[in-house]
Amino acid sequence: MRAQTARMKPRGPSPDERSLPLFGDLDEAPVAALGPEKLPSYIADHRKRLRARFMEGGATAMPDYELLELILFRALPRQDVKPLARRLLDVFGTFGQVLSAPAARLTEVSGVGDAVVQELKIVEAAAQRLAKSRVMQRPVLSSWQALIDYCHTAMAHRTTEQFRVLYLDRKNVLVADEEQAKGTVDHVPVYPREVVKRALELDASALILVHNHPSGDPTPSSADIAMTAQVEAAARALGLTLHDHLVIGKGRELSFRAEGLL
Numbered sequence: 014m015r016a017q018t019a020r021m022k023p024r025g026p027s028p029d030e031r032s033l034p035l036f037g038d039l040d041e042a043p044v045a046a047l048g049p050e051k052l053p054s055y056i057a058d059h060r061k062r063l064r065a066r067f068m069e070g071g072a073t074a075m076p077d078y079e080l081l082e083l084i085l086f087r088a089l090p091r092q093d094v095k096p097l098a099r100r101l102l103d104v105f106g107t108f109g110q111v112l113s114a115p116a117a118r119l120t121e122v123s124g125v126g127d128a129v130v131q132e133l134k135i136v137e138a139a140a141q142r143l144a145k146s147r148v149m150q151r152p153v154l155s156s157w158q159a160l161i162d163y164c165h166t167a168m169a170h171r172t173t174e175q176f177r178v179l180y181l182d183r184k185n186v187l188v189a190d191e192e193q194a195k196g197t198v199d200h201v202p203v204y205p206r207e208v209v210k211r212a213l214e215l216d217a218s219a220l221i222l223v224h225n226h227p228s229g230d231p232t233p234s235s236a237d238i239a240m241t242a243q244v245e246a247a248a249r250a251l252g253l254t255l256h257d258h259l260v261i262g263k264g265r266e267l268s269f270r271a272e273g274l275l
């Protein structure tokens, strides 16, 4: 009887093996998939302490780099993210500027990949949506500080100028917040006719102009003043009220109405 050579049938990956990432994707994998033993104890202990401090004292008890660490934990579950948090702040300056930095610029920082950019942009979007929820469908003139806070959240850290128009109904309730134009670091084109035309389309009765100065200084330029006068004239001709023009800088803003420019 002739002996038969056993042929080994190739074994496919087990369900557990299929759930694990490829080697090149380890930093993107959830900690649970890697097993608790894969996370160095000093990282695990540090993260536990940081999360506990946040839950006990909130964000005010933490410097910017630690708040950034909390965000980076999800993006980089197997790394000590403190060096990257500090590196981001060194490059961009503040927590807000890190969140609002363009994705292309973020990826220029060593250690930043798609997962990090995604987490930062999720937090940025959440912050803007929360701030906006505090002013939409509410009387703007009686919640002015909430409006200022929203404008700072949405625009103060942008690296180029953006021009927005806030449209209000007859009760001065904010019914639309629309970006009218994007510009360069020191200029944004604005067309007064388009601004008031849109107000009529929305059946708005009043409007507030808002734009940012990436330099951080909210002092209006002569072009800002001239453009505001043109919008006001066009609005008045159609029975619309221009309540204000806000220029958003870093940490402060300027109101045309308060400065006697409107």
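Just so you know, we're using the numbering used here here: the sequence shown kicks off at 14 and counts up by one.
We put the beta carbon where it would ideally sit given N, CA and C, even for glycine.
Per the DSSP calculation, Tyr180 is bridged to which residue(s)?
DSSP, once it has assigned bridges, lists Ala189 and Leu220 as partnering Tyr180.
Select from Glu192, Gly70, Ser146 and Arg91 the residue whose C-alpha is nearest the C-alpha of Ile56.
The residue with the shortest Cα to Cα distance from Ile56 is Arg91.
Quickly, what does DSSP pair Leu255 with across the bridge? List them, please.
Answer by DSSP bridge pairing, in chain order: Leu220.
Can we say the region 130-137 touches the region 113-121, given the rule of at least three CB pairs closer than 8 Å?
Yes, they touch.
In the DSSP assignment, what are the bridge partners of Glu266?
Glu266 pairs with Ile261.
Could you check what DSSP says for Gln92 in three-state terms: helix, strand or coil?
Here Gln92 sits in coil by DSSP.
At the level of alpha carbons, what is the spacing between Pro231 and Gln243?
For Pro231 and Gln243, the distance between alpha carbons rounds to 20 Å.
CB Glu79 to CB Leu101, shorter than 8 Å?
It is not a contact, given that the beta carbons lie outside the stated cut-off.
Can you tell me whether Pro114 is helix, strand or coil according to DSSP?
Note that residue 114 corresponds to Ala in the displayed sequence, not to Pro. It is coil, neither helix nor strand.
Classify Met68 as buried or exposed, calling it buried when 16 or more other Cβ atoms lie within 10 Å of its own Cβ.
Exposed is the call here.
Does DSSP classify Pro76 as helix, strand or coil?
It is coil, neither helix nor strand.
Taking Glu282 and Arg211 to be in contact with their CB atoms under 8 Å, please state how far apart those CB atoms are, rounded to whole angstroms.
An answer regarding residue 282 cannot be provided, because it is not within the stretch 14 to 275 covered by the chain.
Among Pro96, Val203, Leu274 and Arg87, whose alpha-carbon lies nearest the alpha-carbon of Gln193?
Checking every option, the nearest Cα to that of Gln193 belongs to Val203.
Answer yes or no: the CB of Leu253 versus the heavy atoms of the ligand FAD, is any distance below 7 Å?
By its list of ligands, the structure shown contains no ligand whatsoever, and the ligand FAD lies outside what it can speak to.
So, under 8 Å CB-CB, Ala74 and Arg66 are touching, yes? Tell me the CB distance rounded to an integer number of Å.
Their Cβ separation, rounded to whole angstroms, is 6 Å, which keeps Ala74 and Arg66 in contact under 8 Å.
Among the residues of its own chain, which have a CB less than 6 Å from the CB of Arg270, if the five just before and after it don't count?
Closer than 6 Å at the Cβ level, and outside the excluded window around Arg270, lie Asp257.
How big is the Cα-Cα spacing for Leu187 and Leu85?
Spanning the two alpha carbons is a distance of roughly 35 Å.
For Glu214, does the count of other Cβ atoms within 10 angstroms reach 16, so buried, or fall short, so exposed?
Classification for Glu214: exposed.
List the endpoints of the continuous alpha helix (DSSP H) containing His170.
Per DSSP, His170 belongs to no alpha helix (DSSP H) and is neither H nor E.
Look up Pro152 in the DSSP assignment and give the residues it is bridged to.
Bridge partners of Pro152: Val186.
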